[in-house]
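A.B. asks:
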Amino acid sequence: MSAPAPPAVVDAEPLPRQEEVFTEAALAFVAELHRRFTPRRDELLARRAERRAEIARTCTLDFLPETADVRADDSWRVAPAPEALNDRRVEITGPTDRKMTVNALNSGARVWLADFEDASAPTWENVIGGQLSLIDAYTRRIDFTDPVSGKSYALRPDAELATVVVRPRGWHLDERHLTDADGTPVPGALVDFGLYFFHNAQRLIDAGKGPYFYLPKTESHLEARLWNEVFVFAQDHLGIARGTVRATVLIETITAAFEMEEILYELREHASGLNAGRWDYLFSIVKNFRDGGARFVLPDRNAVTMTAPFMRAYTELLVRTCHRRGAHAIGGMAAFIPSRRDAEVNKVAFEKVRADKDREAGDGFDGSWVAHPDLVPIAMESFDRVLGDRPHQKDRLREDVDVRAEDLLAIDSLDAKPTYAGLVNAVQVGIRYIEAWLRGMGAVAIFNLMEDAATAEISRSQIWQWINAEVVLDNGEQVTAGLAREVAAGELANLRAELGEEAFAAGNWQQAHDLLLKVALDEDYADFLTLPAYEQLRG
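For the sequence shown, the numbering used here begins at 110 and goes up steadily by one.
(1) Leaving out five residues before and five after Leu287 in sequence, what residues of the same chain have Cβ atoms less than 8 Å from its Cβ?
(2) Would you mind reading off the limits of the alpha helix (DSSP H) that contains His622?
(3) Enumerate in chain order the residues of its own chain whose CB-to-CB distance from Arg172 is below 6 Å, with the five nearest sequence positions on each side excluded.
(4) Are the Cβ atoms of Gly303 and Leu142 separated by less than 8 Å?
(5) Excluding sequence positions up to five away, which residues of its chain have a Cβ less than 7 Å from the Cβ of Asn309?
(6) Output the distance between the C-alpha atoms of Ile251 and Val538, rounded to the nearest integer angstrom.
(7) Do Glu579 and Gln571 come within 8 Å of each other at the CB atom, strictly closer than that value?
(8) Find the nearest neighbour of Ala193 within the set Leu592, Pro204, Val220, judged by alpha-carbon distance.
(9) Go ahead and pull the three-state DSSP assignment for Gln502.
(10) Between the beta-carbon of Glu517 and the beta-carbon of Tyr423, is there less than 8 Å?
(11) Would you say His281 and Phe637 are within 8 Å of each other, going by their C-beta atoms?
(12) In whole angstroms, what is the alpha-carbon distance linking Arg197 and Glu566?
(13) Give the secondary structure of Ser381 by DSSP, where H, G and I count as helix, E and B as strand, and everything else as coil.
(14) Going by the DSSP bridge assignment, what does Gln587 pair with across the sheet?
(15) Is the number of C-beta pairs between the segment 624-638 and the segment 592-600 that are closer than 8 Å three or more?
(16) Take every Cβ of the segment 361-378, pair it with every Cβ of the segment 327-344, and state whether three or more of those distances are shorter than 8 Å.
(17) Let me check one thing: in DSSP terms, what residues is Pro204 bridge-paired to?
(18) Ala642 and Met559: beta carbons closer than 8 Å?
(19) Return the chain-ordered list of same chain residues with a C-beta closer than 8 Å to the C-beta of Leu241, the five sequence neighbours on each side being excluded.
(20) Out of Ile520, Asp483, Thr167, point me to the one whose CA is closest to Leu391's CA.
(21) Just to confirm the assignment, what range does the alpha helix (DSSP H) spanning Trp280 have?
(22) Label Pro266 either buried or exposed according to how many other C-beta atoms from any shown protein chain fall within 10 Å of its C-beta, with 16 as the threshold for buried.
(23) Short check: CB of Val273 to CB of Leu324, under 8 Å?
(24) Pop quiz: Ala525 and Pro408 are said to be a contact at Cβ under 8 Å. What is the actual Cβ separation, rounded to whole angstroms?
(25) Tell me where the alpha helix (DSSP H) around Phe340 begins and ends.
(26) Using 8 Å for Cβ pairs, my map puts Thr205 next to Gly549. What's the rounded Cβ distance?
(27) Please specify which runs of the alpha helix (DSSP H), each continuous and at least 4 residues long, are wholly inside the segment 402-477, giving them in chain order.
(28) Check whether the Cβ atoms of Val505 and Val187 sit closer than 8 Å, and answer yes or no.
(29) Within the chosen definition, does the segment 414-429 reach the segment 370-380 through at least 3 CB pairs nearer than 8 Å?
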């Protein structure tokens, strides 16, 4: 079979140094990935819809009977961790712009999740600029001076830098600026993975590391199998030994929580671990059980802590599953952004972060996430206290954990109810985040928290769920479309007053307001907020 024609760049202004990313050989590699794997990607997306319809019919989920033998087989393990990924006690997350790249690599964290997904709005500039940032970091050409602040950014010595784990976009997102000969967009996941792997895999191997990935939005072991097939082909195609790639899978969907062992099994030659992704997990619960009635109604998102019984079940099962199979268990995000003006706010928040990381380390996690460099020492202290000089605690098998299907679905075990303040917060976060996303910013500090697409998803999903479940709030009001519109109009007026007429007009505030209400009020629930938002994203 002849090689496919290279994909064409469409509807995008050429960017400086774009040709360094889109070499003829790199485009040919992406074209081959697209030809081989996009058809199966499409089948799996259709399967998601079928499974969601089945959940709507039954209002339940269970562990898969057809893979019971995989779960029962005690003999298999994932591949041993490479040295560069053996100690992951603190990981920092963030987009791949040049400033974040330097700061994250210098942060003192053991790992940097270099994010092309939820923390990055997929403008063409972000997609290409992120690839260039990573190439420049590995070739130590990324030092720069910020033209606005005058501050200089430079990498520390290689031995002090965090290990990079790249998160490509999820299977559901296409890259509209890169199409095949038929005009079909290439999946964003294959663009992000393919370009990064092609340009950096051998360079990383030569540096004693390797191409490492976080896999987002996975909904089944079959989707993990597809990623494994991508890894095998990519390594064979470029003459790299199989098993060089390592992948950590985010268990951030309720369906994946029922297939943790199977996901590790499918990726076992390339698997590194699993991660507990809190906000997307809650979003997935709402999305899948949105018509399940009062039993599945979530309270205010900030009331759903990791100590909620159904969240404890999910995280403890993750630790047990990972350690049983020799994989790393990585905890959730500490999203607090320190205030430069309010020491008291910082004090309270730091204590909450410390308690959260102490709990994770005590539960057996091998590491955890933070969103800001100032939180690295706090999380490091929590894990240092438990790990000492050990790189992980995989020897803690957590055989005391016995999680059943009903434990993962016990949403109504949480003693908290939706509030009017929670509705207001969901609207505020939704509008403010979407406005920034439409300007090309995927990671946004809002009310001292680092918000990304996952938090916007839970915000709009809760508004949708509360309306359709006819929730009555703590003030006696029933949540209706009219109430949501009233709160949104109030927030828009507040923003206009806060920013001033000129700044308000210069932003995307009305557009963000309208988009939030569309995805929160439409009877036809959009699978992902970023799909209609991407249609409005300029650049």
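Quick reminder that beta carbons are idealized off the backbone N, C-alpha and C, glycines included.
Quantities reported herein were computed from a predicted structural model and do not represent experimental measurements.
C.D. replies: Inspection of the coordinates gives the following:
(1) Counting only Cβ-Cβ distances below 8 Å, and skipping sequence neighbours, we find Pro116, Ala117, Val118, Val119, Val139, Pro294, Val295, Val300.
(2) Looking at the DSSP string, the run of the alpha helix (DSSP H) that includes His622 is 618-630.
(3) Checking the sequence, you will find Phe at residue 172 rather than Arg. So the qualifying residues of the chain are Phe367.
(4) A contact, by the Cβ cut-off of 8 Å.
(5) These residues qualify, in order along the chain: Leu243, Ile244, Tyr247, Pro320.
(6) Rounded to whole angstroms, Ile251 to Val538 spans 33 Å at the Cα level.
(7) Going by C-beta atoms, Gln571 is not nearer than 8 Å to Glu579.
(8) With distances taken between Cα atoms, Ala193 lies closest to Val220.
(9) Reduced to three states, the DSSP call for Gln502 is coil.
(10) What sits at residue 517 in the sequence shown is Leu, not Glu. In this structure, Tyr423 lies closer than 8 Å to Leu517 by Cβ.
(11) One thing to note: His281 has its Cβ within 8 Å of the Cβ of Phe637.
(12) Spanning the two alpha carbons is a distance of roughly 28 Å.
(13) Strand, per DSSP.
(14) Under the DSSP definition of a beta bridge, Gln587 partners with Val581.
(15) Contact between the segment 624-638 and the segment 592-600 is present, because at least three Cβ pairs lie under 8 Å.
(16) Under the three-pair Cβ rule at 8 Å, the segment 361-378 counts as touching the segment 327-344.
(17) DSSP, once it has assigned bridges, lists Asp224 as partnering Pro204.
(18) Result no, Cβ atoms of Ala642 and Met559 do not sit closer than 8 Å.
(19) The beta carbon of Leu241 lies closer than 8 Å to those of Arg126, Glu129, Val130 in the same chain, with the five residues before and after it left out.
(20) Answer by Cα proximity: Ile520.
(21) Where Trp280 is concerned, there is no enclosing alpha helix (DSSP H), because DSSP gives it neither an H nor an E.
(22) It counts as exposed.
(23) No.
(24) Confirmed, Cβ separation roughly 4 Å.
(25) 330-346 is the span of the alpha helix (DSSP H), which, as asked, contains Phe340.
(26) Wrong, their Cβ atoms sit about 13 Å apart, outside the cutoff.
(27) The qualifying runs are 418-433, 452-472.
(28) Reading the sequence as shown, one finds Arg at residue 505 and not Val. No; because the gap between Cβ atoms is not below 8 Å, this pair is not in contact.
(29) Not touching, per the Cβ criterion.
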